[in-house]
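Enquirer: Here my numbering is used: the first residue of the sequence shown is 59, the next is one more, and so on. By construction, the Cβ of each residue, glycine as well, lies at the ideal position given by its N, Cα and C atoms. All values derive from a computational prediction rather than experimental measurement. Supplied in structure tokens, the structure appears directly below.
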Amino acid sequence: MDILFDEIPSLDLADFTAGTPAQKAAFVQKLGEAYQNIGFVAIKNHGLSQDLQDRLYGSIKNFFKLPDDVKAKYEKPEIGFQRGYTGKGKEHAKGRNTGDLKEFYHVGQELSRIPDTDPIKSEYPPNIWPTELPEFQNDANEAYRTLENAGKSMLQAIALSLELDENYFEDKVAYGNSILRQIHYFPIENPDEVPADAVRAAEHGDINLITLLMGASADGLQVKRMDGKWIPITALPDQLVVNVGDMLERLTNKKLKSTIHRVVNPPREKMNTSRYSIPFFMHPRSEMDLTCLESCVDSDHPKQFEDATAGEFLEERLRELGLRK
59 MDILFDEIPS LDLADFTAGT PAQKAAFVQK LGEAYQNIGF VAIKNHGLSQ DLQDRLYGSI
119 KNFFKLPDDV KAKYEKPEIG FQRGYTGKGK EHAKGRNTGD LKEFYHVGQE LSRIPDTDPI
179 KSEYPPNIWP TELPEFQNDA NEAYRTLENA GKSMLQAIAL SLELDENYFE DKVAYGNSIL
239 RQIHYFPIEN PDEVPADAVR AAEHGDINLI TLLMGASADG LQVKRMDGKW IPITALPDQL
299 VVNVGDMLER LTNKKLKSTI HRVVNPPREK MNTSRYSIPF FMHPRSEMDL TCLESCVDSD
359 HPKQFEDATA GEFLEERLRE LGLRK
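Quick look at the structure:
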């Protein structure tokens with residue numbers, strides 16, 4: 059049955075990772091309900107300390123304060139901006155040509171952590187680290203590993219909610235192509251100069267399996283409910299927002315919802331303020347098969363997607379976003 063949430067459900071990940079069998083089962087049940095209806099939850103006890111979040115936000119604020127010509131040293135269009143800096147307005151939502159009002163920095167798997175025997179190692183470019191901010195590398199890598207672990211726990215619960223083996227996703231996300239994206243929605247000094255349809259982040263679905271978002275520093279994130287109503291996403295400081303991405307929606311033949319969301323511009327008098335946000339986009343390995351699960355296809359729910367691997371799907375979407383030519 060369809061449930062229309064007025065706010066996204068809040069769950070305690072410790073119920074799943076350290077709870078009784080009953081607590082664990084209740085977590086899986088509530089997560090399944092949320093993901094089949096609104097595609098978003100907020101979780102606490104995810105392992106990311108407030109101290110680490112503060113350090114990470116501190117180092118990215120310092121990076122984005124650097125002059126544009128210094129930041130541009132870390133921009134690599136030749137790798138589709140998959141590592142390092144992406145300048146203002148370079149990315150746009152699928153189906154739009156107006157660039158979003160943001161700049162961002164990408165951190166991926168640290169190659170030194172991947173065994174030489176794993177062929178995936180040759181697929182990833184090395185991370186790019188700003189020499190101006192030595193602490194940036196440690197903070198980002200620590201956050202990456204912490205969020206990856208929280209994501210693996212969430213995927214175990216998702217697997218159980220789909221009546222799959224709890225470790226169904228383990229080998230598919232081992233050294234997956236996940237990205238920590240550190241975003242600066244920059245101040246707009248003169249709102250009249252901005253294209254009329256430009257927003258901080260136009261409505262979109264995420265590409266990946268799941269996204270884990272640590273406390274955005276200002277309001278503006280909204281999610282579109284099944285009845286078309288936009289509701290604000292509010293999370294407490296100790297929570298991560300975790301939502302379903304398009305790859306998981308594909309795998310489950312739309313049983314789990316990759317819900318459209320957006321970041322709206324602030325009121326005019328606040329346009330000259332910065333907003334920072336750090337999503338972790340959890341991707342599988344490129345060879346993961348996204349063919350719809352047989353258990354999610356029946357006469358009432360005919361198969362809605364062509365078969366594809368995660369790598370093929372990602373390439374197609376990066377071209378649609380303007381990051382790959």
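Quick one: grab the DSSP three-state call for Y226.
Expert: Coil.
Enquirer: Beta-carbon separation of T331 and P253 under 7 Å?
Expert: Not in contact: T331 and P253 (Cβ atoms no closer than 7 Å).
Enquirer: Measuring alpha carbon to alpha carbon, tell me which residue in D285, I186, Q214, Q94 is nearest L238.
Expert: Among D285, I186, Q214, Q94, the Cα nearest to that of L238 is on I186.
Enquirer: Cβ of F98 within 7 Å of Cβ of N311?
Expert: Not in contact: F98 and N311 (Cβ atoms no closer than 7 Å).
Enquirer: Going residue by residue through the stretch 261–341, where are the continuous beta strand (DSSP E) segments of at least 3 residues, counting only ones entirely within it?
Expert: Taking only runs of at least 3 residues, the beta strand (DSSP E) segments lying wholly in the stretch 261–341 are 268–272, 279–282, 288–290, 298–302, 319–321, 333–340.
Enquirer: Determine the burial state of N248: buried for a count of at least 16 other Cβ atoms within 10 Å of its Cβ, exposed for fewer.
Expert: With fewer than 16 other Cβ atoms within 10 Å, it is exposed.
Enquirer: With three or more beta-carbon pairs closer than 8 Å as the criterion, would you say the stretch 65–72 touches the stretch 287–297?
Expert: With the cut-off at 8 Å, the stretch 65–72 and the stretch 287–297 touch.
Enquirer: Which whole-angstrom value is the C-beta distance of R320 and A256, which I expect to be below 8 Å?
Expert: Actually they are not in contact, since the Cβ atoms of R320 and A256 sit about 12 Å apart, beyond 8 Å.
Enquirer: Compute the Euclidean distance between the alpha carbons of L191 and M329, then round it to the nearest angstrom.
Expert: If you take the alpha carbons of L191 and M329, they lie about 28 Å apart.
Enquirer: Does the stretch 331–342 come within contact of the stretch 218–236, defined as at least 3 CB pairs closer than 8 Å?
Expert: Cβ pair count under 8 Å is three or more, so yes.
Enquirer: In angstroms with no decimal places, state the Cα-to-Cα distance between L110 and L271.
Expert: Going from the Cα of L110 to the Cα of L271 covers about 14 Å.
Enquirer: Go ahead and pull the three-state DSSP assignment for K167.
Expert: Reading off the sequence shown, one finds Gln at residue 167, where the question assumed Lys. Coil, per DSSP.
Enquirer: From K179 to L314, what distance separates their C-alpha atoms?
Expert: Cα-Cα distance, rounded: 30 Å.
Enquirer: Of all the beta strand (DSSP E) runs that stay within the bounds of the stretch 173–261, which reach a length of 3 or more residues?
Expert: With a minimum length of 3 residues, the continuous beta strand (DSSP E) runs that stay inside the stretch 173–261 are 237–243.
Enquirer: Where do the N-terminal and C-terminal ends of the beta strand (DSSP E) with T75 fall, by residue?
Expert: From DSSP, T75 is part of no beta strand (DSSP E) but of the alpha helix (DSSP H) over 71–76.
Enquirer: On the DSSP letters alone, give me the boundaries of the beta strand (DSSP E) that I101 sits inside.
Expert: That run of the beta strand (DSSP E) goes 98–102.
Enquirer: Does DSSP put S353 in a helix, a strand or coil?
Expert: DSSP places S353 in helix when its eight states are reduced to three.
Enquirer: Please classify T144 as buried or exposed, where buried requires at least 16 neighbouring CB atoms within 10 angstroms.
Expert: Counting Cβ neighbours within 10 Å, T144 comes out buried, since at least 16 surround it.
Enquirer: Give the secondary structure of F162 by DSSP, where H, G and I count as helix, E and B as strand, and everything else as coil.
Expert: Correct three-state label for F162: strand.
Enquirer: Return the CA-CA distance between S219 and H359, expressed in angstroms with no decimal places.
Expert: Rounded to whole angstroms, S219 to H359 spans 18 Å at the Cα level.
Enquirer: Quick one, which of E307, K146, Y115 has its alpha-carbon nearest K129's?
Expert: Of the listed residues, the one whose Cα sits closest to K129 is K146.
Enquirer: Determine, using beta carbons only, whether F121 and P184 come nearer to each other than 7 Å.
Expert: Not closer than 7 Å, so no.
Enquirer: So what does DSSP say about E65, is it helix, strand or coil?
Expert: It is coil, neither helix nor strand.
Enquirer: Where does E373 fall in DSSP's three states?
Expert: Reduced to three states, the DSSP call for E373 is helix.
Enquirer: Since G90 is in the alpha helix (DSSP H), which residue starts that stretch and which ends it?
Expert: Its alpha helix (DSSP H) spans residues 79–95.
Enquirer: Need the endpoints of the beta strand (DSSP E) that G116 sits in, please.
Expert: That residue, G116, is in no beta strand (DSSP E); its alpha helix (DSSP H) goes 108–123.
Enquirer: Considering Cα atoms alone, identify which of A72, A80, S353 is closest to L106.
Expert: The shortest C-alpha separation from L106 is found at A72.
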